[in-house]
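Notes for the one structure printed next.
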Amino acid sequence: MNFSKKAFLNRYYIFLLLLAILLIAATLRSPITSVGPLIPFFRDELGASNALIGLVNTLPLLAFGLFSPFVPRISSKFGMEFTLLIAMLCLSFGVFIRASGGIELLLFGTLLVGMAIAVGNILMPGLIKSTFPYRLGLMTGLYSVSMNLFGALASGISVPIASVTGFDWRNAMQIWSILSLVAVVILLLRLPAMRSARKKVFVDVKSQPSKAIFKSKIAWAVTFFMGLQSLIPYSLFTWLPDILITKGFNESEAGWLIAIYQVGLIPTTFIAPILAGRMQNQRLIGCSAGLLFFFGLLGVAFTSSHLIIIIFLILTGIGAGTAFSLAMMFFVLRTSTVMESAQLSSMAQSVGYIVASIGPLFLGTIADKTEGWTVPFIILMTAALCIAFLGTVAGKDQKISFEAAKESTTQ
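The sequence shown begins at 1 in the working numbering and counts up by one.
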């Protein structure tokens, strides 16, 4: 193979990888954000209580938490991209079948969706770090923008799709399997590159210091920062439509307002990681993310004005976008290698998402018990203040010392 042809193929495969990253990112929220606005459509049809509806968006988070520790080991055996390919196939299947029957199939399909998304959540930071080591901020920003842009789109157009003649809520859920199927096609086109150089998270899984990372205060700060910044958005994805309907909005308006909330994420998910990568430490931006969350939620809780609530929803979205992007950056900024990044990502997302899974189910139950949303909002605002504190700890200019921690466990 001559040099020019080899250079062309290299650029071609890098371009396909960029497309794959953007498409996979687009699948990591849209299957979940499309559910909340459709709850009023299928709650009565399926005979589901608020607690059971909360379980629909709790299951993916539980899957994230429980399945995440196994992802690095699977990836080390098959390679990151091939593991992502299988995950996208499972995601397509799960998104389609969850809207094909009753509540049992909805829960089973949702569980598959959660397991597939867990693979993307864990592997994408490591894939970006290994492939674009000198463009971490830019690539993390593009990844985050794609995820949140399609998440917002899914919230906004789910109800209009369900309202089209000949369509219903089932079609509005199933349509999001198209994104993961296109990602499958792109990854299949990269198969020759995968075979020639499989990108693995670990060279030797047995060398993974599984206990060492749990000795690090910074690692725990990143973990709970990750968990709480996930708890708030996933709780809002589930219950914000109901909250807005109690304030006088209809189902379609509630869906678009969730989309507006996510619009606030889009510019910050691009800008925040670039700024974070250029800062000596990220304590200020970490604290600011929590405070933006707090004041945005405060306004949403106590405002009924159609115009003013938009401002507070965008403010909440800015906080969510900043916190999420920063959490993704912590995986690479607080570590020195791809292996360490994947280890921290695995810990933060496994434990963090179990923490986050409490949100939708617990808040729905509290709302039923108290017959209102005031107490759930107080809980969310408390979580926001905790994010501000954890951001100042995780944002220190300090890398996790894996070897030092490992030595301490053997003494």
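C-beta atoms are modelled at their ideal positions from N, C-alpha and C, and glycine is treated no differently.
7 Å Cβ cutoff met for Ala154 and Ser68: Working through the sequence shown from its first residue, we reach residue 154 at position 154. Working through the sequence shown from its first residue, we reach residue 68 at position 68. Cβ atoms of Ala154 and Ser68: not closer than 7 Å.
Mark Tyr143 as exposed unless 16 or more other C-beta atoms lie within 10 angstroms of its C-beta, in which case mark it buried. Taking the first residue of the sequence shown as 1, we reach residue 143 at position 143. Flag for Tyr143 reads buried.
Could you check if Ser4 is buried or exposed, using at least 16 other CB atoms within 10 Å of its CB as the buried criterion? As a position in the sequence shown, residue 4 is number 4, starting the count at 1. Answer is exposed; the Cβ neighbour count stays below 16.
Looking at the secondary structure, which residues open and close the alpha helix (DSSP H) in which Ile387 lies? Position 387 of the sequence shown holds residue 387. Unbroken alpha helix (DSSP H) run through Ile387: 374–394.
Using three-state DSSP, classify Val338 as helix, strand or coil. Residue 338 sits at position 338 when you count from the first residue of the sequence shown. It is helical.
Simplified DSSP assignment, three categories, for Gln282: Position 282 of the sequence shown holds residue 282. Coil at Gln282, not helix or strand.
Over what stretch of residues does the alpha helix (DSSP H) that includes Gly114 continue unbroken? The residue given as residue 114 occupies position 114 in the sequence shown. 103–131 is the span of the alpha helix (DSSP H), which, as asked, contains Gly114.
In the DSSP assignment, the alpha helix (DSSP H) including Ala99 goes from what residue to what residue? As a position in the sequence shown, residue 99 is number 99, starting the count at 1. Note, Ala99: premise wrong, no alpha helix (DSSP H); not H, not E.
For Ala48, count neighbouring C-beta atoms within 10 Å of its own C-beta (all shown protein chains included) and say buried if the count is 16 or more, exposed if not. Taking the first residue of the sequence shown as position 1, residue 48 is located at position 48. With 16 or more other Cβ atoms within 10 Å, it is buried.
Spatial neighbours of Phe331 within its chain, please: CB distance less than 6 Å, with the 5 preceding and 5 following residues excluded, ordered by chain position. Within the sequence shown, numbered from 1, the residue matching residue 331 stands at position 331. Closer than 6 Å at Cβ, skipping near neighbours: Pro125, Ser341, Leu344, Ser345.
Proximal residues to Arg334 (C-beta, below 8 Å), its chain only, five neighbours per side dropped: Walking along the sequence shown from the start, residue 334 turns up at place 334. For Arg334, where only same-chain residues beyond five positions count, the Cβ hits under 8 Å are Ile218, Ala219, Val222, Leu344, Ala394, Gln398, Lys399, Ile400.
Thr246: buried (16+ other C-beta within 10 angstroms of its C-beta) or exposed? Position 246 of the sequence shown, counting from 1, holds the residue named residue 246. Exposed is the call here.
Distance between beta carbons of Ser325 and Thr269, contact taken as under 8 Å: Translated into positions along the sequence shown, residue 269 becomes position 269. Translated into positions along the sequence shown, residue 325 becomes position 325. Contact holds; Cβ gap of about 5 Å.
Exposed or buried, which one is Asp242 when buried takes at least 16 other CB atoms within 10 Å? Position 242 of the sequence shown holds residue 242. Under this definition Asp242 is a buried residue.
What distance in whole Å lies between the Cβ atoms of Leu9 and Met412, which are believed to be in contact at a cut-off of 8 Å? In the structure as shown, the chain starts at 1 and stops at 411, and residue 412 therefore has no counterpart that could be examined.
CA-to-CA distance, Arg98 to Gly352, given in whole angstroms: Within the sequence shown, residue 352 is the residue found at index 352, counting from 1. Within the sequence shown, residue 98 is the residue found at index 98, counting from 1. Those two C-alpha atoms are separated by around 25 Å.
Does DSSP put Asp368 in a helix, in a strand, or in coil? On the sequence shown, residue 368 is found 368 positions in, with the first residue counted as 1. Helix at Asp368.
Selected residue, minimal CA-CA separation from Pro360, among Glu81, Asn148, Ile32: Position 360 of the sequence shown, counted from the first residue, corresponds to residue 360. When only C-alpha atoms are compared, the closest one is Ile32.
Look at Arg278 and Thr392 and say whether their C-beta atoms are less than 7 Å apart. Residue 278 sits at position 278 when you count from the first residue of the sequence shown. Residue 392 sits at position 392 when you count from the first residue of the sequence shown. Their beta carbons are not under 7 Å apart, which means Arg278 does not touch Thr392 by this criterion.
Bounding residues of the alpha helix (DSSP H) (the contiguous stretch that carries Gln398): As a first step, residue 398 is located in the sequence shown; it is residue number 398 there, counting from the start. First-last for Gln398: undefined, no H or E at that position.
Rounded to whole angstroms, how far is the Cβ of Leu23 from the Cβ of Ala183, which I believe are closer than 8 Å? Taking the first residue of the sequence shown as position 1, residue 23 is located at position 23. Taking the first residue of the sequence shown as position 1, residue 183 is located at position 183. Confirmed, Cβ separation roughly 4 Å.
So, with DSSP's three-state summary, where would you put Thr33? By 1-based counting over the sequence shown, the position of residue 33 is 33. Helix.
Keeping to the same chain, check which residues put their C-beta closer than 6 Å to that of Gly101; ignore five residues upstream and five downstream. Locating residue 101 in the sequence shown gives position 101, where the first residue counts as 1. Counting only Cβ-Cβ distances below 6 Å, and skipping sequence neighbours, we find nothing.
Distance between Thr382 and Arg190 (C-alpha atoms, nearest Å): In the sequence shown, the residue the question calls residue 190 occupies position 190. In the sequence shown, the residue the question calls residue 382 occupies position 382. C-alpha separation (whole angstroms): 45 Å.
Thinking just about the alpha-carbon of each residue, which of Ala327, Phe295, Gly120, Ile387 is nearest to the one in Ile314? Indexing the sequence shown from 1 puts residue 314 at position 314. Cα-wise, what sits closest to Ile314 is Phe295.
Identify whether Asn50 lies in helix, strand or coil by the three-state DSSP scheme. Stepping through the sequence shown from its first residue, residue 50 is reached at position 50. The answer is helix: DSSP assigns Asn50 an H, G or I state.
Pick from Asp368, Asn148, Gly94, Leu59: whose alpha carbon is nearest that of Ile354? Numbered from its first residue, the sequence shown carries residue 354 at position 354. Cα-wise, what sits closest to Ile354 is Leu59.
Three-state secondary structure (DSSP) at Thr83? Taking the sequence shown and counting its residues from 1, one reaches residue 83 at position 83. Looking at Thr83 - three-state DSSP - the assignment turns out to be helix.
With 16 as the cutoff for other CB atoms within 10 Å, does Gln349 come out buried or exposed? Within the sequence shown, the letter at position 349 stands for residue 349. So Gln349 counts as buried.
Under the assumption that Ala323 contacts Ile387 (Cβ atoms under 8 Å), give the Cβ distance between them as a whole number of angstroms. One-based indexing of the sequence shown puts residue 323 at position 323. One-based indexing of the sequence shown puts residue 387 at position 387. Ala323 to Ile387, Cβ: 6 Å. Contact.
Euclidean distance between Cα positions of Val95 and Ala172: Start at 1 with the first residue of the sequence shown, and residue 95 comes out as number 95. Start at 1 with the first residue of the sequence shown, and residue 172 comes out as number 172. Taking the straight line joining both Cα atoms gives about 11 Å.
What's the C-alpha gap between Thr337 and Gly321? Within the sequence shown, residue 337 is the residue found at index 337, counting from 1. Within the sequence shown, residue 321 is the residue found at index 321, counting from 1. Those two C-alpha atoms are separated by around 25 Å.
From Ala367, Ser252, Leu123, Leu107, residue whose alpha carbon lies closest to that of Ser76: Counting from one through the sequence shown, the residue named residue 76 turns up at place 76. The candidate whose alpha carbon is nearest that of Ser76 is Leu123.
Excluding five sequence neighbours on each side, which residues of the same chain lie with their C-beta closer than 8 Å to the C-beta of Val375? Along the sequence shown, read from residue 1 onward, the residue named residue 375 stands at position 375. These residues qualify, in order along the chain: Ile366, Ala367.
The alpha helix (DSSP H) enclosing Ala212, as first and last residue numbers: Residue numbering aside, residue 212 sits at position 212 when the sequence shown is read from its first letter. That residue, Ala212, is in no alpha helix (DSSP H); it is neither H nor E in DSSP.
Inter-residue CB distance, Ala152 and Ala259 (contact presumed, cutoff 8 Å): The residue you call residue 152 lines up with position 152 of the sequence shown. The residue you call residue 259 lines up with position 259 of the sequence shown. About 4 Å separates the two Cβ atoms, so the contact holds.
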